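Student: Let me begin by handing over the structure; questions about it come next.
There are 2 protein chains.
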Amino acid sequence: MEKYSRNQRITGIMKQLIENPNKVINLNTFTEKFNAAKSTISEDILVIKDTFIKLGMGRVETTLGAAGGVRYICGMSKMERGEFVSFLCQILSEEHRIIPGNYIYMTDIMYNPEIIKKAGILLASTFINKEVDYVVTVETKGIPLAYEVAKLLGVQLVIVRRDNKVTEGTTVSINYVTGSSKRIQTMSLSRKALRNGSKCVFIDDFMKAGGTARGIINLLKEFDSIVIGIGVLIEDIEISEKLVEDYISIVEFAGINEEDTAVIYPSKYFQ
Amino acid sequence: MEKYSRNQRITGIMKQLIENPNKVINLNTFTEKFNAAKSTISEDILVIKDTFIKLGMGRVETTLGAAGGVRYICGMSKMERGEFVSFLCQILSEEHRIIPGNYIYMTDIMYNPEIIKKAGILLASTFINKEVDYVVTVETKGIPLAYEVAKLLGVQLVIVRRDNKVTEGTTVSINYVTGSSKRIQTMSLSRKALRNGSKCVFIDDFMKAGGTARGIINLLKEFDSIVIGIGVLIEDIEISEKLVEDYISIVEFAGINEEDTAVIYPSKYFQ
Numbered sequence: 001m002e003k004y005s006r007n008q009r010i011t012g013i014m015k016q017l018i019e020n021p022n023k024v025i026n027l028n029t030f031t032e033k034f035n036a037a038k039s040t041i042s043e044d045i046l047v048i049k050d051t052f053i054k055l056g057m058g059r060v061e062t063t064l065g066a067a068g069g070v071r072y073i074c075g076m077s078k079m080e081r082g083e084f085v086s087f088l089c090q091i092l093s094e095e096h097r098i099i100p101g102n103y104i105y106m107t108d109i110m111y112n113p114e115i116i117k118k119a120g121i122l123l124a125s126t127f128i129n130k131e132v133d134y135v136v137t138v139e140t141k142g143i144p145l146a147y148e149v150a151k152l153l154g155v156q157l158v159i160v161r162r163d164n165k166v167t168e169g170t171t172v173s174i175n176y177v178t179g180s181s182k183r184i185q186t187m188s189l190s191r192k193a194l195r196n197g198s199k200c201v202f203i204d205d206f207m208k209a210g211g212t213a214r215g216i217i218n219l220l221k222e223f224d225s226i227v228i229g230i231g232v233l234i235e236d237i238e239i240s241e242k243l244v245e246d247y248i249s250i251v252e253f254a255g256i257n258e259e260d261t262a263v264i265y266p267s268k269y270f271q
Numbered sequence: 001m002e003k004y005s006r007n008q009r010i011t012g013i014m015k016q017l018i019e020n021p022n023k024v025i026n027l028n029t030f031t032e033k034f035n036a037a038k039s040t041i042s043e044d045i046l047v048i049k050d051t052f053i054k055l056g057m058g059r060v061e062t063t064l065g066a067a068g069g070v071r072y073i074c075g076m077s078k079m080e081r082g083e084f085v086s087f088l089c090q091i092l093s094e095e096h097r098i099i100p101g102n103y104i105y106m107t108d109i110m111y112n113p114e115i116i117k118k119a120g121i122l123l124a125s126t127f128i129n130k131e132v133d134y135v136v137t138v139e140t141k142g143i144p145l146a147y148e149v150a151k152l153l154g155v156q157l158v159i160v161r162r163d164n165k166v167t168e169g170t171t172v173s174i175n176y177v178t179g180s181s182k183r184i185q186t187m188s189l190s191r192k193a194l195r196n197g198s199k200c201v202f203i204d205d206f207m208k209a210g211g212t213a214r215g216i217i218n219l220l221k222e223f224d225s226i227v228i229g230i231g232v233l234i235e236d237i238e239i240s241e242k243l244v245e246d247y248i249s250i251v252e253f254a255g256i257n258e259e260d261t262a263v264i265y266p267s268k269y270f271q
């Protein structure tokens, strides 16, 4: 049977860890794959663990016992985080982004995997110690970000629809009033989409008054489920009275200045 | 200045490679990070490269020259691929999945990061040698899969909307006729969403007659752009006359049997 060097085992273990965030991988997976003793694999993991701390790139945890194993928990060094948030502020305040109606065009940012991956790490790492069952979002622009957070937390994504699709089976629909423009909107979710009694994190691209977030809280009540965390990329701080408490944002939008560009600051959560 | 052992360097290099698929990372990034000579880093990468081949988990390529460096290209061993496709066939033919109207309920599958990550590797690896500028999808169910493929190809995602949103600025809308039910539908895309003259890959969850795919081809013509590849998770082979050629699917749907379950086979592309 084939033998592997420590370098080779570390390469293989790293791939599996990074590709399965927040999932406990049993040590037997590696002892079998690399035809090595448990003590050998444990030493490999110790090297990996120390390097994660040294390089500030998240952490690797080992859990003992029968269901024990090793798992990778996403994270970012303070320096990298600072650089990323500054970069976000910079691109969001680019000149060409203000479109008629005084909206910020940010679709390209929300659909850029390099950016969304990092934003996902920031948001996911704040919820990592809670027992999250699902990450919930409402279509469309926040889906890639919500997907990243779900992946990093190792849970299923749930997407609430604006309409009612035949391919969803029985659905529950609620009407809600948006907090900023006071319009009535509908959102619906398939009965099959989540188990009753779940704990959910709601992720979205932009929060104005928080009407959508409150709508989600009410919709999830129909599934006997609760929202235990809310995370958005941008928060509009011009609307100071929010309809929800306890949310985190990565950057803050403070209106449009005289040069017709958005005024964007790092939010207090990631300074 | 801090020194790192080979094991530690490999741990750090692996993290950066796996998290940045299909992106060339300059060797200087690593020589600076680890305070090591280029020859040392080259040896580290050689170990990684060989291990990828040995374990059949994609590949690592080095390119020479000023813009040279190293990049990770996603892949899956034949065995893992076979297991994954069988697993997909099995869960898609579960009893409870047929919903009124004879649709397969597959939302949970399309929003499951563990499944979508693997499906993404299968589709992305077939387009990896083409010069892809964007991955395009149409909302909503295919978005996570399209996002994975975009991330693995190292390109931007573009999401075509069913409606017209104020936050998208100037949009181009087209009407198209669905291939199976002959309904007229609209799709629209922001003018800012992609550069003219781009090569795109279209990703979706399900293909019936291919009306949506043909609609995308026509929409992209308005941006002087072309579709150079189409990939779907499931293809309906009951509709044999497709409106588009040259597409790949992971599994085939061959109708519903007497036990009221979907008949699903591995497609010819991934056998």
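Just so you know, the protein sequences line up as chains U and H, in that order. Residue numbers for the first sequence follow our numbering, beginning at 1 and rising by one. Residue numbers for the second sequence follow our numbering, beginning at 1 and rising by one. Just so it is clear, CB atoms sit at the ideal spot from N, CA and C, and this is done for glycine as well. Given the structure is predicted, the values throughout are model-derived calculations rather than measurements.
(1) With DSSP run on the structure shown, which of helix, strand or coil describes P21 (chain U)?
(2) With a Cβ-Cβ cutoff of 8 Å, do V201 (chain H) and Y111 (chain U) count as a contact?
(3) According to DSSP, is G56 (chain U) part of a helix, a strand, or is it coil?
(4) Kindly list the residues whose CB is nearer than 7 Å to the CB of G272 (chain U), restricted to its own chain and excluding five residues on each side of it in sequence; keep chain order.
(5) Please decide whether R59 (chain U) counts as near chain H, where near means a Cβ-Cβ distance under 8 Å.
(6) Where do the ends of the beta strand (DSSP E) carrying G360 (chain U) lie?
(7) Contact defined as beta carbons within less than 8 Å: I believe S249 (chain H) pairs with I234 (chain H). What is the distance between those atoms, to the nearest angstrom?
(8) What is the residue span of the beta strand (DSSP E) that P144 (chain H) lies within?
(9) Determine whether the beta carbon atoms of G231 (chain U) and T140 (chain U) lie at a separation below 8 Å.
(10) Using Cβ-Cβ distances below 9 Å, what residues of the segment 85-105 of chain U are close to chain H?
(11) Within this structure, are the beta carbons of V24 (chain H) and R71 (chain H) separated by less than 8 Å?
(12) Please classify L64 (chain U) as buried or exposed, where buried requires at least 16 neighbouring CB atoms within 10 angstroms.
(13) Tell me the residue span of the alpha helix (DSSP H) that contains A85 (chain H).
(14) Under a Cβ-count criterion, where at least 16 other Cβ atoms within 10 Å of its own Cβ denotes burial, should S225 (chain H) be classed as buried or exposed?
(15) Using a Cβ cut-off of 8 Å (strictly closer), state whether E258 (chain H) contacts chain U.
(16) Going by DSSP, name the residue or residues bridged to C200 (chain U).
(17) Am I right that L88 (chain H) and V251 (chain H) are in contact with their C-beta atoms under 8 Å? What's the rounded C-beta distance?
(18) Taking the beta strand (DSSP E) that G69 (chain U) belongs to, which residues open and close that run?
(19) Which chain U residues sit within Cβ distance under 7 Å of A150 (chain H)?
(20) When Cβ atoms are compared, which residues of the segment 9-40 of chain H fall closer than 7 Å to chain U?
(21) Is the segment 202-211 of chain U in contact with the segment 236-249 of chain U, if contact means three or more CB pairs nearer than 8 Å?
(22) Leaving aside the five residues before and after V172 (chain U) along the sequence, list all residues of the same chain whose C-beta is less than 6 Å from its C-beta, in chain order.
(23) So what does D236 (chain U) bridge to, in DSSP terms?
Tutor: On the basis of the coordinates in this document:
(1) coil
(2) no
(3) coil
(4) Past the edges of chain U, shown from 1 to 271, lies residue 272 (chain U), and the structure says nothing about it.
(5) no
(6) The structure shown does not extend to residue 360 (chain U), since chain U is modelled only from 1 through 271, so no value can be given for it.
(7) 6 Å
(8) Element bounds for P144 (chain H): not the beta strand (DSSP E) but the alpha helix (DSSP H), 143-153.
(9) no
(10) H96, I99, P100, G101, Y103, I104, Y105
(11) yes
(12) exposed
(13) The amino acid occupying residue 85 (chain H) in the given sequence is Val; Ala does not appear at that position. That run of the alpha helix (DSSP H) goes 78-92.
(14) buried
(15) no
(16) U:Y134, U:V227
(17) 5 Å
(18) 69-73
(19) P113
(20) I10, T11, G12, M14, K15, I18, E19
(21) yes
(22) L189, E222
(23) U:F253
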